[in-house]
Amino acid sequence: MRTSLRTLLRPTTIALVVGAAASASVLSGCGDSDTASTTSSEITRVSNRDFEITTLATGELQSRNKVEIRSRVEGTTSIVEIVPEGSRVKEGDVLVRLNEDEIKRELEEEELQYSEAKLNLEAAQSEYEIQISDNAANLRKAQLAVDLAELALEQWVSGDHTKQLAERNTAVEKTTRDLERLQEKIVKSRDLYERKFLSYDEWQRDEIALLEAEAAASNAKLDLRVYTEYQTKADRAQKESDLEEARQELVRVEKANDINLKNKASRRENRAVQLARREERLEGQRQQLRACEIVAPRSGLVVYGTSLDSDNWRNQNEGPLSIGRQVRQNDLLIVLPDTSEMVASVKVHESMAGRIRPGQTASVRVEAAGNAMVEGVVDSVGVLAEGGGWRDPNRREYTVKVQLTPREGVDLKPSMRCEARITLGEVDGALTVPVQAVFSDGPVRFVYVESAEGYERRPVGVGRRSDLFAEITAGIDEGERILLRSARPGEITKREWDEAALTRAGYSVDEDGNPQAPTRGRRGPGIPVASDA
5 MRTSLRTLLR
15 PTTIALVVGA
25 AASASVLSGC
35 GDSDTASTTS
45 SEITRVSNRD
55 FEITTLATGE
65 LQSRNKVEIR
75 SRVEGTTSIV
85 EIVPEGSRVK
95 EGDVLVRLNE
105 DEIKRELEEE
115 ELQYSEAKLN
125 LEAAQSEYEI
135 QISDNAANLR
145 KAQLAVDLAE
155 LALEQWVSGD
165 HTKQLAERNT
175 AVEKTTRDLE
185 RLQEKIVKSR
195 DLYERKFLSY
205 DEWQRDEIAL
215 LEAEAAASNA
225 KLDLRVYTEY
235 QTKADRAQKE
245 SDLEEARQEL
255 VRVEKANDIN
265 LKNKASRREN
275 RAVQLARREE
285 RLEGQRQQLR
295 ACEIVAPRSG
305 LVVYGTSLDS
315 DNWRNQNEGP
325 LSIGRQVRQN
335 DLLIVLPDTS
345 EMVASVKVHE
355 SMAGRIRPGQ
365 TASVRVEAAG
375 NAMVEGVVDS
385 VGVLAEGGGW
395 RDPNRREYTV
405 KVQLTPREGV
415 DLKPSMRCEA
425 RITLGEVDGA
435 LTVPVQAVFS
445 DGPVRFVYVE
455 SAEGYERRPV
465 GVGRRSDLFA
475 EITAGIDEGE
485 RILLRSARPG
495 EITKREWDEA
505 ALTRAGYSVD
515 EDGNPQAPTR
525 GRRGPGIPVA
535 SDA
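Here it is, written out as structure tokens:
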């Protein structure tokens, strides 16, 4: 008849099973003087049975869905108001108020800095607009100078130069004609003077007029030559130089305008960036001020973060959350769990973690709920192993989450301690012994089988195991009596291995006579090493 896992899980049932086995041992072993020193509870019979392969793990309950409330205030602040733990709150209720004095002071400073940055940006914008206007005025002025220089050159070429040249040519023509006229006149005047028709004084005046005409003609020609050979070149060079200088000044003004406008634009952009940063910091301070009042995002049961992480040294030193306690940014303050969906978070030894898969069934005993048994299914297995800390640095465990099936009348809450028995598989109709009856001596697994003289070490092949039973694949027969503990030195009848017994159990012997383990399987957890070997 198959024994169920739930029956085996009950301590009273286990005691009854062991007691029944012990009673059978007593009845079958009465009057055997070789085993008189062994109590009946230390002996059992090899039996054929069904059993579940299970593993036991401990941990605590957690809500599957929960909302974590953390401090979003930068740096360190203190609690000035907090809702009592265990309270039922509704969405929007105030959970925690943090000290906001320092944040308000910083907010006032940021508001002043923001106002100053805003004025600086407005000033930079005005300077930029003024620079645009100045650039336009300077450009117009420089362009006007170029235009005037071009007009002056054109005026000189088309007007002043032509006029000056014409005037000088006219002067040369006029003085030349006057000279020719006076030269003819002086000839006539000399004849008239010789004939006494003209006085000496009149003749002399004609002579002087001739001299003046000669000088005027010479000066006119000289003035024309100086103008054409020197003054014209000088005037042209000056006009062209003025035009070129005006054009160069226009280029300089354009470059200066570009540089000045870029400087003003850069200053304006810098002021805009400073204002944006100030605005961002101001909004950050406002958010920090709002973060000092923490409200419930949903309805739920209030659980302090310190209660969930009681092993933390800080929580051990400072105790639970209370008014006046210092909190840092991102500190877990409150958890609002959804108790309608609970999971058992248990730790499993790394040697067993590889055999646990999502979907396997489990029975979870919750001590705080009156030792209530709750059924569940493995939901997930941790990816990385967790160490045992400084207390047990060699321990490696994986976290297994078991999704619990709600049970009417059982009020489960987070952090309740629990014990989960996870079913890894089932063994049907197998030859079994209690797992504590199997020992190891090097590669050989064996049991202590009762004989007339005491107990012999019998090699066995071990198959599947649970934390209660081990499947025996070879080496012993059903009904044989075996010892549940390690035999004392005086109880062992023979220490050497019998080659036939080794072969029967699946072991081989090398050239030196040393037993070799079967190629399948290795000694697993729950198989102790014999102290007498």
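Here my numbering is used: the first residue of the sequence shown is 5, the next is one more, and so on. Where is the CB? At the ideal position from N, CA and C, for every residue including glycine.
What are the boundary residues of the beta strand (DSSP E) that residue i is part of?
i	result
Arg271	Looking at the DSSP string, Arg271 is not in any beta strand (DSSP E); the run it does join, the alpha helix (DSSP H), is 236-295.
Arg343	Here residue 343 turns out to be Thr, not Arg, going by the sequence shown. Where Thr343 is concerned, there is no enclosing beta strand (DSSP E), given that its DSSP letter is neither H nor E.
Met377	376-385
Gly552	In the structure as shown, the chain starts at 5 and stops at 537, and residue 552 therefore has no counterpart that could be examined.
Arg2	Nothing can be reported for residue 2: it is not among the residues displayed for the chain, which extend from 5 to 537.
Leu472	That residue, Leu472, is in no beta strand (DSSP E); it is neither H nor E in DSSP.
Arg508	Unbroken run through Arg508 is the alpha helix (DSSP H), 503-508; no beta strand (DSSP E).
Leu312	Note, Leu312: premise wrong, no beta strand (DSSP E); alpha helix (DSSP H) at 309-312.
Less than 8 Å separating the beta-carbons of residue i and residue j?
i	j	result
Val387	Ile360	no
Arg485	Val464	no
Glu345	Arg92	no
Leu75	Leu293	It is worth fixing the name first, because residue 75 is Ser in this sequence and not Leu. It is not a contact, given that the beta carbons lie outside the stated cut-off.
Pro324	Ser311	yes
Leu408	Gly380	yes
Val50	Gly358	no
Arg507	Ser455	It is Thr, not Arg, that sits at residue 507 in the sequence shown. The answer is no: Cβ separation not under 8 Å.
Val414	Ala372	no
Lys405	Val347	yes
Val437	Asp54	no
Leu435	Glu500	no
Ser269	Tyr132	According to the sequence displayed, residue 269 carries Ala and not Ser. Yes, Cβ-Cβ distance for Ala269 and Tyr132 is below 8 Å.
Arg468	Ile480	no
Ala295	Val77	yes
Ser512	Phe443	no
Glu46	Ser303	no
Glu110	Gln333	no
Leu148	Leu247	no
Val100	Ile298	yes
Have a look at residue i and residue j and give me their C-alpha separation to the nearest angstrom.
i	j	result
Glu126	Glu112	21 Å
Ile86	Arg272	47 Å
Gly392	Leu102	35 Å
Arg411	Ile73	29 Å
Val352	Arg369	16 Å
Val543	Glu460	Beyond the ends of the chain as shown, which are 5 and 537, falls residue 543; an answer cannot be given.
Gln330	Val98	19 Å
Ile327	Thr81	11 Å
Glu287	Val277	15 Å
Asn518	Leu428	35 Å
Ala504	Ala521	15 Å
Ser44	Leu487	10 Å
Ser535	Pro418	For Ser535, the predicted model reports a pLDDT of 47, less than 50, meaning its position is unreliable and no value from the coordinates is stated.
Val453	Met420	44 Å
Asn261	Ala224	52 Å
Arg229	Lys167	15 Å
Asp335	Val306	16 Å
Ser470	Pro88	45 Å
Lys70	Glu390	23 Å
Gly510	Asp516	18 Å
Tyr118	Ala128	15 Å
Leu65	Pro341	11 Å
Ala153	Glu188	50 Å
Ile83	Ile426	43 Å
Ala121	Glu106	22 Å
Ala175	Leu169	10 Å
Gly163	Asn173	15 Å
Arg492	Phe473	23 Å
Indicate, with yes or no, if the ligand ATP has a heavy atom lying under 7 Å from the CB of residue i.
i	result
Thr403	The ligand ATP is absent from the structure shown, which contains no ligands of any kind.
Name, in chain order, the residues that DSSP records as bridge partners for residue i.
i	result
Gly353	The displayed chain sequence assigns His, not Gly, to residue 353. In DSSP, His353 forms a bridge with Glu401.
Gln66	Val347
Gly429	Ile57
Asn52	Leu435
Since residue i contacts residue j with CB under 8 Å, what's their CB separation in whole angstroms?
i	j	result
Ile190	Asp210	5 Å
Val150	Ala241	Their Cβ separation, rounded to whole angstroms, is 18 Å, which puts Val150 and Ala241 out of contact at 8 Å.
Leu265	Ile136	7 Å
Ala441	Thr48	7 Å
Leu254	Ala217	That belief does not hold up - the Cβ atoms of Leu254 and Ala217 are roughly 52 Å apart, past 8 Å.
Gln364	Val382	4 Å
Gly458	Glu495	5 Å
Considering just the uninterrupted stretch of the alpha helix (DSSP H) at residue i, what are its terminal residues?
i	result
Thr232	Note, Thr232: premise wrong, no alpha helix (DSSP H); not H, not E.
Ile496	Run containing Ile496: none in the alpha helix (DSSP H); it sits in the beta strand (DSSP E), 496-498.
Asp195	165-198
Tyr132	105-159
Glu78	First-last for Glu78: undefined, no H or E at that position.
At the 8 Å Cβ level, is residue i part of the contact set with chain B, yes or no?
i	result
Asp164	Absent from the structure: chain B. Only one protein chain is present.
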